[in-house]
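Participant:
Numbering (my numbering), first residue to last: 36 to 340.
#1: Under a Cβ-count criterion, where at least 16 other Cβ atoms within 10 Å of its own Cβ denotes burial, should residue 299 be classed as buried or exposed?
#2: Taking Cβ to Cβ, would you say residue 256 is nearer than 8 Å to residue 125?
#3: Could you give the residue range of the beta strand (DSSP E) that holds residue 305?
#4: Measure the alpha-carbon distance for residue 116 versus residue 166 and round it to whole angstroms.
#5: Judging by CA-CA distance, which residue of 199, 337, 233, 118 is the nearest neighbour of residue 279?
#6: Return the bridge partner residues of residue 51 from the DSSP annotation.
#7: Leaving out five residues on either side along the sequence, give the residues of the same chain with a beta carbon under 7 Å from the beta carbon of residue 321.
#8: Check whether the segment 225 to 235 touches the segment 176 to 188, taking contact to mean three or more Cβ pairs, one atom from each stretch, closer than 8 Å.
#9: Closer than 8 Å is the cut-off here; do at least three beta carbon pairs connect the segment 144 to 151 with the segment 107 to 116?
#10: With DSSP collapsed to three states, give me the class of residue 151.
#11: Given this structure, state the Cα-to-Cα distance separating residue 144 from residue 174, to the nearest angstrom.
#12: Let me check one thing: in DSSP terms, what residues is residue 146 bridge-paired to?
#13: Tell me, to the nearest whole angstrom, how far the beta carbon of residue 239 is from that of residue 198; I am working on the premise that it is less than 8 Å.
#14: If you follow the alpha helix (DSSP H) that residue 270 is in, where does it begin and where does it stop?
#15: For the beta strand (DSSP E) containing residue 234, name the first residue and the last one.
#16: To the nearest angstrom, how far is it from the Cα of residue 284 to the Cα of residue 291?
#17: Give every residue of the same chain whose Cβ lies closer than 7 Å to the Cβ of residue 164, excluding the five residues on either side of it in the sequence, and list them in chain order.
#18: Give the C-beta separation of residue 286 and residue 274 to the nearest angstrom, bearing in mind that I take them to be a contact with Cβ-Cβ under 8 Å.
#19: Can you have a look at residue 140 and say buried or exposed, based on whether 16 or more other CB atoms are within 10 angstroms of its CB?
#20: Is DSSP giving residue 74 helix, strand or coil here?
#21: Between the Cα of residue 276 and those of 330, 99, 80, 89, spot the shortest distance and give me the residue it belongs to.
#22: Verify whether the separation of the beta carbon atoms of residue 245 and residue 109 is less than 8 Å.
#23: For the alpha helix (DSSP H) containing residue 332, name the first residue and the last one.
#24: Expressed to the nearest angstrom, what Euclidean distance is found between the alpha-carbon atoms of residue 252 and residue 261?
#25: Which residue from 55, 73, 308, 232 puts its Cα closest to that of residue 134?
#26: Express the C-alpha separation of residue 36 and residue 43 in angstroms, rounding to a whole number.
#27: Could you check what DSSP says for residue 310 in three-state terms: helix, strand or coil?
#28: Can you tell which of 138, 189, 54 has the C-alpha that lies nearest to the C-alpha of residue 111?
#29: Check for me: the alpha helix (DSSP H) holding residue 347 runs from which residue to which?
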């Protein structure tokens, strides 16, 4: 018998007679993780290096970790401003880890990528949300036992793993967070399961989830600087596009315009308590999503013209 099964019970003799069925399992796995080499992610070198140190090293140098008796992280949290590539980094981790293991050891692991958006788990029926969390981990363990590389990627994590608060009204978080903690504690290190959380509000995530031994690493995904923004522009402004002026330094010219400290680029005026005034410019609030939107808007104007 496994948890989640529906069984017919003889209440008098306290005997399970037959298995009627298994609770409905919602398919959230991506059949094929899109090919995303690290080079396709611009302006996030620090975050990429942190992920590689956290995830790839334990898989590629397992003997070294055993020799040092070094515990392997069970998962990590990607946090930062919206539109800076947390979801993209999560998907790239799954693709690149499999490629690295294949190149280094020659062993081909099938991939299993469960992509869950936090609010999808929330359910009005008592116990249903907790059953779904149990089922997610059960799916990952099953596939890991079959030799697959299992990734559990939870987007918008703060919506289901938010800070628990005391109060008269019972909150779903008061049962979901302990359930997630229990499942994380049950994950054996050095197995083929990696848990990735992505959140724009790491401060709203329950501290019990983020303690060492569960989600060990917190990786900040920052806004791109000027050099990073130019790399992102280069990714989106491909040579195959019908450019009016085919120049090599087109991305550089646009980046200079985007990050220029000019009155036209002033976005927000800040007045400090001392009375000193300062400005935030468009470049200070840039993100990968905004840069992609700039290019897409230019394309729509060109198509209309």
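By construction, the Cβ of each residue, glycine as well, lies at the ideal position given by its N, Cα and C atoms.
Remember, it's a predicted structure, so these values are computed and weren't measured experimentally.
Facilitator: Based on what the coordinates show:
#1: The count along the chain shown starts at 1 and reaches residue 299 at position 264. Classification for residue 299: exposed.
#2: What you label residue 256 is simply residue 221 of the chain shown in a count that begins at 1. What you label residue 125 is simply residue 90 of the chain shown in a count that begins at 1. Cβ distance not < 8 Å, so residue 256 and residue 125 don't count as in contact.
#3: For the purposes of this step, residue 305 is taken as residue 270 along the chain shown, with counting starting at 1. From DSSP, the beta strand (DSSP E) with residue 305 extends over 301 to 306.
#4: Translated into positions along the chain shown, residue 116 becomes position 81. Translated into positions along the chain shown, residue 166 becomes position 131. In this structure, the straight-line span from the alpha carbon of residue 116 to that of residue 166 is close to 31 Å.
#5: For this step, residue 279 is matched to residue 244 along the chain shown. If we check each option's Cα against that of residue 279, 337 comes out closest.
#6: On the chain shown, residue 51 is found 16 positions in, with the first residue counted as 1. 44, per the DSSP bridge assignment.
#7: If you number the chain shown from 1, residue 321 lands on position 286. Result list for residue 321: 258, 259, 264, 293, in chain order.
#8: By the C-beta criterion, the segment 225 to 235 is judged to be in contact with the segment 176 to 188, since at least 3 inter-stretch pairs fall below 8 Å.
#9: Not touching, per the Cβ criterion.
#10: Reading the chain shown from its first residue, position 116 is the one you call residue 151. DSSP places residue 151 in strand when its eight states are reduced to three.
#11: Position 109 of the chain shown, counted from the first residue, corresponds to residue 144. Position 139 of the chain shown, counted from the first residue, corresponds to residue 174. Whole-angstrom Cα-Cα distance: 16 Å.
#12: One-based indexing of the chain shown puts residue 146 at position 111. Residue 146 is bridged by DSSP to 184.
#13: Here residue 239 refers to the residue found at position 204 when the chain shown is read from its first residue. Here residue 198 refers to the residue found at position 163 when the chain shown is read from its first residue. Contact flag correct, Cβ pair sits at about 6 Å.
#14: Working through the chain shown from its first residue, we reach residue 270 at position 235. From DSSP, the alpha helix (DSSP H) with residue 270 extends over 261 to 271.
#15: The count along the chain shown starts at 1 and reaches residue 234 at position 199. Residues 228 to 234.
#16: Reading the chain shown from its first residue, position 249 is the one you call residue 284. Reading the chain shown from its first residue, position 256 is the one you call residue 291. Taking the straight line joining both Cα atoms gives about 11 Å.
#17: Counted from its first residue, the chain shown places residue 164 at position 129. Short of 7 Å from the beta carbon of residue 164, and not among the five residues preceding or following it, lie these beta carbons of its own chain, in chain order: 156, 157, 158, 207, 211.
#18: Translated into positions along the chain shown, residue 286 becomes position 251. Translated into positions along the chain shown, residue 274 becomes position 239. Contact doesn't hold; Cβ gap of about 11 Å is too wide.
#19: For the purposes of this step, residue 140 is taken as the residue at position 105 of the chain shown. Counting Cβ neighbours within 10 Å, residue 140 comes out exposed, since fewer than 16 surround it.
#20: For the purposes of this step, residue 74 is identified with residue 39 of the chain shown, where counting begins at 1. Residue state, collapsed to three classes: helix.
#21: Reading the chain shown from its first residue, position 241 is the one you call residue 276. Closest option to residue 276, Cα to Cα, is 330.
#22: On the chain shown, residue 245 is found 210 positions in, with the first residue counted as 1. On the chain shown, residue 109 is found 74 positions in, with the first residue counted as 1. Cβ distance not < 8 Å, so residue 245 and residue 109 don't count as in contact.
#23: Here residue 332 corresponds to residue number 297 of the chain shown, with the count starting at 1. Counting along the chain, the alpha helix (DSSP H) containing residue 332 begins and ends at 323 to 339.
#24: One-based indexing of the chain shown puts residue 252 at position 217. One-based indexing of the chain shown puts residue 261 at position 226. When only Cα atoms are considered, residue 252 and residue 261 end up about 27 Å apart.
#25: Counted from its first residue, the chain shown places residue 134 at position 99. The shortest C-alpha separation from residue 134 is found at 73.
#26: The count along the chain shown starts at 1 and reaches residue 43 at position 8. The count along the chain shown starts at 1 and reaches residue 36 at position 1. If I take the Cα positions, the gap works out to 12 Å.
#27: Residue numbering aside, residue 310 sits at position 275 when the chain shown is read from its first letter. For residue 310, the secondary structure class from DSSP, reduced to helix, strand or coil, is coil.
#28: Position 76 of the chain shown, counting from 1, holds the residue named residue 111. Taking each of 138, 189, 54 in turn and checking the Cα distance to residue 111, the smallest one comes out for 189.
#29: With the chain covering 36 to 340 only, the question about residue 347 has no answer from this structure.
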